[in-house]
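Participant: Using the numbering used here, read the sequence shown as starting at 1 and increasing by one per residue.
Glycine included, each C-beta is placed from N, C-alpha and C at the ideal position.
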Amino acid sequence: MRSNISEMNKYNGDHNKFDMNKSLLQLIVKISDTKSFTKAGQELNMTQPAVSRAVTALEAELGVTLLTRNRRLGVKLTDVGERVVQIFRKILNEYEKINQEIALEKGLETGIVRIGAFPVASAYFLPKIISHIAKQYPNIEFTIFEGTNAEIKEWIELGRIDVGFIVSTNDELPTFPLLREEMFAVLAADHPLSKKDVIQASDLKHDYLIICKSGFEPPVLEWFERSNQEPQVKYVLHNNTTALNMVKEGMGIAIMSELSLSNIPNNIVIRKLEPQGYRDIHVATLSTEDASIAVKHFIHTTLDLFPQRESH
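1. Which stretch, first to last residue, makes up the beta strand (DSSP E) that contains residue 184?
2. So, at 8 Å on beta carbons, what are the nonlocal neighbours of residue 89 in its own chain, with the 5 sequence-adjacent residues on each side left out?
3. Determine the DSSP secondary structure at residue 92, reduced to helix, strand or coil.
4. What span of residues does the beta strand (DSSP E) with residue 111 cover, start to end?
5. My parser needs the alpha helix (DSSP H) runs of 4 or more residues fully inside the region 189-262; what are they?
6. Look up residue 9 in the DSSP assignment and say whether it is helix, strand or coil.
7. In terms of residues, what are the limits of the beta strand (DSSP E) holding residue 272?
8. Beta-carbon within less than 7 Å of residue 269's beta-carbon, same chain only, minus the 5 sequence neighbours each way: which residues are those?
9. In whole angstroms, what is the alpha-carbon distance linking residue 209 and residue 224?
10. If you run the structure through DSSP and keep just helix, strand and coil, what is residue 304?
11. Evaluate residue 63 with the Cβ neighbour count: other Cβ atoms within 10 Å of its Cβ, from every protein chain shown; 16 or more gives buried, anything less gives exposed.
12. Quick one: using the 10 Å Cβ neighbour count with 16 as the cut-off for buried, is residue 275 buried or exposed?
13. Classify residue 153 as buried or exposed, calling it buried when 16 or more other Cβ atoms lie within 10 Å of its own Cβ.
14. With hydrogens ignored, establish whether the beta-carbon of residue 269 is closer than 6 Å to any heavy atom of the ligand FMN.
15. Look at residue 175 and residue 284 and say whether their C-beta atoms are less than 7 Å apart.
16. Hey, residue 66 and residue 78 are a contact pair by Cβ (cut 8 Å); roughly how many whole angstroms apart?
17. Starting from the Cα of residue 86, find the closest Cα among 31, 145, 134 and 213 and give me that residue.
18. Apart from the five residues on each side of it in sequence, which residues of its chain come closer than 8 Å, Cβ to Cβ, to residue 121?
19. Counting C-beta neighbours from all protein chains within 10 Å, is the total for residue 271 16 or more, i.e. buried, or is it exposed?
20. Alpha carbons only, please: which of 97, 25 and 39 is nearest the one belonging to residue 295?
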């Protein structure tokens, strides 16, 4: 359905008041997310000229620049644009909560849940959770964003997602523990350390470390810190499979968790760590009190299906 962007009312005397509808809020937020007028227009069924006119009219009405355009870098929010978009996200979230309350009163369960997760969490948790909710509430929609641990936390704080799976490191975000995973050293089978049953941080002082940003970076670095050792981080990757293949080729050693080691290539061995290393996976949200009905359903279902435990 085409989103109609209405003209904003003129300033009202000295009060600098302005009116904007939900579609305009959605447009500015969408431009912020896609960093493109064209992509935002496509997702909202608007032409690029219509998007430009709406943004120009809004900026003229406010008397400030919200967005800067650069052919190479795309669209970027100004400082005031960043602050305004955060408010727009909160307003749109309130719209969503109103729609869900109305649907609930009518006996319908509906809503949208925006989820952030690193790849292993997506594969392990989300299929079971979403399948379970879909059977009970088929009208609830899900949007999934995959990213690094730092990105997911930032998305939660900025309101871009409603809930995220993160590796907790004493965050200020409200979190619920799901799983404690043991971590292991991953080595090529012909590596000299493969003869040892247990690997200590001091054993790795002459080896390059291959580290994955998909939920491993914080606990791995903390493990080295506990042992008063400085790792030689040579490669920082986003893909676990790439990391395993690099280990196989003798390019370094990785430290990974049990869920990431279900499909180990040939000529790779895993060894326990001393002291033992763990990563704690939590589900996080900006506020449990202010969360929509659909988001609360998601969190409750997640905790029911995955009561806190340790991997074995």
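Facilitator: So, from the listed chains and residues:
1. Translated into the one-based positions of the sequence shown, residue 184 becomes position 184. Per DSSP, residue 184 belongs to the beta strand (DSSP E) from 175-188.
2. Locating residue 89 in the sequence shown gives position 89, counting from the first residue. Answer for residue 89: 29, 158, 159 and 160, listed in chain order.
3. Mapped onto the sequence shown, residue 92 falls at position 92. Three-state result, residue 92: helix.
4. By one-based count along the sequence shown, residue 111 stands at place 111. From DSSP, the beta strand (DSSP E) with residue 111 extends over 110-117.
5. 217-226 and 240-248
6. The residue given as residue 9 occupies position 9 in the sequence shown. With a pLDDT of 39 at residue 9, under the threshold of 50, the modelled position of that residue is not reliable, and no figure is offered here.
7. Taking the first residue of the sequence shown as position 1, residue 272 is located at position 272. Per DSSP, residue 272 belongs to the beta strand (DSSP E) from 268-285.
8. Here residue 269 corresponds to residue number 269 of the sequence shown, with the count starting at 1. 187, 189 and 194, listed in sequence order.
9. Along the sequence shown, one-based indexing puts residue 209 at 209. Along the sequence shown, one-based indexing puts residue 224 at 224. The alpha-carbon atoms of residue 209 and residue 224 are separated by roughly 11 Å.
10. Mapped onto the sequence shown, residue 304 falls at position 304. In this structure, residue 304 counts as helix in the three-state DSSP scheme.
11. On the sequence shown, residue 63 is found 63 positions in, with the first residue counted as 1. With fewer than 16 other Cβ atoms within 10 Å, it is exposed.
12. Residue numbering aside, residue 275 sits at position 275 when the sequence shown is read from its first letter. Under this definition residue 275 is an exposed residue.
13. Numbered from its first residue, the sequence shown carries residue 153 at position 153. Answer is buried; the Cβ neighbour count reaches 16.
14. This structure does not include the ligand FMN; it has no bound ligands of any sort.
15. Against the sequence shown, residue 175 aligns to sequence position 175. Against the sequence shown, residue 284 aligns to sequence position 284. Yes, they are a contact pair.
16. Counting from 1 along the sequence shown, the entry for residue 66 is found at position 66. Counting from 1 along the sequence shown, the entry for residue 78 is found at position 78. At roughly 6 Å, the Cβ-Cβ gap stays under 8 Å, so residue 66 and residue 78 are in contact.
17. Sequence index remark: in the sequence shown, residue 86 carries index 86 (1-based). Comparing Cα positions, the closest option is 31.
18. Sequence index remark: in the sequence shown, residue 121 carries index 121 (1-based). The residues are 165, 215 and 281.
19. As a first step, residue 271 must be located in the sequence shown, where it is residue number 271. So residue 271 counts as buried.
20. Within the sequence shown, residue 295 is the residue found at index 295, counting from 1. The option with the nearest alpha carbon to residue 295 is 97.
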